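Just so you know, the working numbering puts the end of the sequence shown at 525, numbered straight through with nothing missing.
Cβ coordinates follow ideal geometry from the N, Cα and C atoms, glycine included.
This one's a predicted model, so the numbers in the text were calculated from it and none came from an experiment.
Structure record follows, encoded as structure tokens.
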Amino acid sequence: MTSAGLKGPIPGDPFLLVGAPNLESVGYVREEWFLTGTATAYTVRGERSEDGRWQAVRAARAPFKTRIVVFRPSDPAGFNGTVVVEWLNVSGGLDAAPDWLFLHRHLIRERAAWVGVSAQRAGIDGGGLVPGMPLKQVDAARYGSLEHPGDAFAFDIYTSVGRMLRTTGSGPLGPLQPQRLIAIGESQSAGFLVSYVNAVDPIERCFDAFLIHGRPGAAAELDGGYLRAPRDGDLAKVGAITRIGHRIREDIRVPVLTFQSETDVVALGGGRARQSDFERFRLWELAGAAHFDTYGLVASRIDQENVPIEALALHMAPTDKPMGLSANVPVNSGPQQHYVLNAALLHLDRWVREGKPPPEAPRLRASDARATELVRDELGIVCGGIRTPWVEAPSAVLSGDAPGGDGFTFLFGRTVTLDEATLARLYPGGPDEHCLRFEAATEEAVAAGFLLETDASEIRALARHGRQPSGWRTG
């Protein structure tokens, strides 16, 4: 449990690489605040069993000073009452907001607020999995006063932000009156949120729902050990994050939706933590998706409502040089992940508001119980999982597996463009037939609840501008 004080908004621009949009032009306010307080660490009595039924207790306490970044509607009359609180990801050696990148169009359309939390030490002081740009290194004058006692305290620092956001009046949310707090985090952050759900939420009872995006098999240790530099001898070194499967406990208090790509299920060991849906839990596994893709890497940074569809399609084109890195193959260029994630968040929000759960989703088809390998069709497209038009009416094979390359490119999947002979065999009627089948698959995914009707027109337009070999187009 925490006690905390606020300072802000801090003058000037916060350091957070989020790209588009121009928030002021869409009626949003961007602010940065510093939060000071005392945080608590936790320990588990007994073992961290794979069923997630951990018994945690409060332990040591330490002072902290962290920062949060807030994007919120400027007009309280338009606010929908939902605050999405993202546990910022530090795997790249800096604070990053992957779920804002994926979801920003939907959040702005719904008039929700978003808060990014510098929960982990690596984003402030460095010393994470890889060297990067921690806040104190980027701008010592602005961030030099921040203080992080270590990742054992990250869980309660995150809670302190949630408790603070529930207060109304002046503060980071200004005049907005929050009705729902949805916790969200991707990749390493998702691993911390699994531990938060299993160990911390039963004690602190702060958030109304959790969207766990792209989790590895193992959850973070409560002492903060997880993905630190290999020299620290953590799980990253021994590879245990892919050999252990910590499930979500079945007596959870609030709704939890876990959202997984092919990469997350196999390469990150998430298949070891697979479980059946139950009253407050849904697992969505998305066919044809990678841990990260050209939308998250490139297109999200220019994507806003008025961007021409041609520009959006161009920025999602296959590339083997994402963000200056060199991959061994063109990385996953399918746009389906952010569109299905939009649907996941909308359903999760509705689950909290109305008690109506998201649809249950089929699992990706695996060759064994631990999902160490996925079953694929003759083209190489995975079988099972959530189906979208990009896998039901393909013009390329999109997958989450990759042969590696620089840095994190092994997480970016691959794109194999289908040659003209294969396209002719699949679509004897040419581009017109492909368009019809793509349209039908889009309608099926919307009807099933895995795509939103509000995104369907843009999805169709992207299909029409999808370039294919020798000028072959989808329409």
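For Ile118, the enclosing beta strand (DSSP E) starts and ends at 105–123. About 5 Å separates the CB atoms of Val120 and Val165; that is less than 8 Å, so the two are in contact. Sequence-distant partners of Leu144 (beyond 5 residues in either direction) whose C-beta falls short of 7 Å from its own C-beta, in its chain, are Gly173, Gly182, Met183, Pro184.
Within the same chain, and ignoring the five residues on either side of Gln386 in sequence, the residues whose Cβ sits closer than 7 Å to its Cβ are Leu336, Gly338, Ala339, Thr438, Trp440. The beta carbon of Glu300 lies closer than 7 Å to those of Phe328 in the same chain, with the five residues before and after it left out.
Thr308 carries a strand assignment under DSSP once its states are collapsed to helix, strand and coil. Burial state of Glu423 is exposed, judged by a 10 Å Cβ sphere holding fewer than 16 other Cβ atoms. In terms of Cβ geometry, Asn392 and Leu502 form a close pair [threshold 8 Å]. The three-state secondary structure of His263, taken from DSSP, is strand.
Every alpha helix (DSSP H) stretch that sits fully inside the region 303–359 and reaches 4 residues is listed by chain position as 312–315, 344–347. Here DSSP, grouped into helix, strand and coil, assigns Thr465 to strand. Going by beta carbons, Gly102 and Asn248 fall inside the 8 Å limit. Contact check for Leu414 and Gly434: beta-carbon distance about 5 Å, within the 8 Å limit, so the pair qualifies. Straight-line spacing of the CA atoms in Ala240 and Ile262 works out to 5 Å.
The DSSP assignment places complete beta strand (DSSP E) segments of no fewer than 3 residues inside the region 445–512 at 446–449, 464–467, in order along the chain.
Membership of Tyr246 in any alpha helix (DSSP H) is not indicated, and neither H nor E is assigned to it by DSSP. Judged by their CB atoms, Phe203 and Ala233 are not nearer to each other than the 8 Å cut-off. At a Cβ-Cβ threshold of 8 Å, Phe114 and His198 count as neighbours. Taking C-alpha positions only, Cys485 is separated from Val140 by approximately 40 Å.
Contact between the region 292–310 and the region 364–382 is absent: fewer than three C-beta pairs spanning the two stretches fall below 8 Å.
Non-local beta-carbon contacts of Arg230 in its own chain, meaning distances under 8 Å to residues more than five positions away in sequence, involve Gly131, Thr132, Val133, Asp258, Ala259, Asp399, Val402, Arg403 in chain order.
Taking a cut-off of 8 Å for Cβ pairs, the region 319–326 and the region 347–354 do not touch, as fewer than three such pairs fall below it.
Assignment of Val432 by DSSP, reduced to helix, strand and coil, places it in the strand class. With distances taken between CA atoms, Tyr345 lies nearest to Asp149 out of Ala270, Ala268, Asp149. Sequence-distant partners of Ala446 (beyond 5 residues in either direction) whose C-beta falls short of 7 Å from its own C-beta, in its chain, are Thr465, Val466, Thr467, Leu468.
Beyond the five residues adjoining it in sequence on each side, Val94 comes within less than 7 Å, by CB distance, of Trp104, Gln105, Ala106, Ala249, Leu272 in the same chain, given in chain order. Per DSSP, Arg155 is one residue of the alpha helix (DSSP H) stretching across 148–160. Apart from the 5 residues on each side of it in sequence, Tyr246 sits with its Cβ closer than 6 Å to the Cβ of Phe205 in its chain, given in chain order.
In this structure, DSSP gives Lys186 a helical state, which the three-state scheme calls helix.
For Arg95, the enclosing beta strand (DSSP E) starts and ends at 78–95. The Cβ-Cβ distance between Thr116 and Leu85 falls below 8 Å. Counting only residues of its own chain and dropping the five nearest sequence neighbours on each side, Gly58 has a CB closer than 8 Å to the CB of Glu81, Glu82, Trp83, Phe84, Pro222. With fewer than 16 other Cβ atoms from the protein chains shown falling within 10 Å of its own Cβ, Asp63 counts as exposed.
The alpha-carbon separation between Gly194 and Gln187 amounts to approximately 9 Å.
For Gly235, the uninterrupted beta strand (DSSP E) run begins and ends at 230–236, by DSSP. In the same chain as Ala363, and ignoring 5 residues on each side of it, the C-beta atoms closer than 6 Å to its own belong to Leu512, His515, in chain order.
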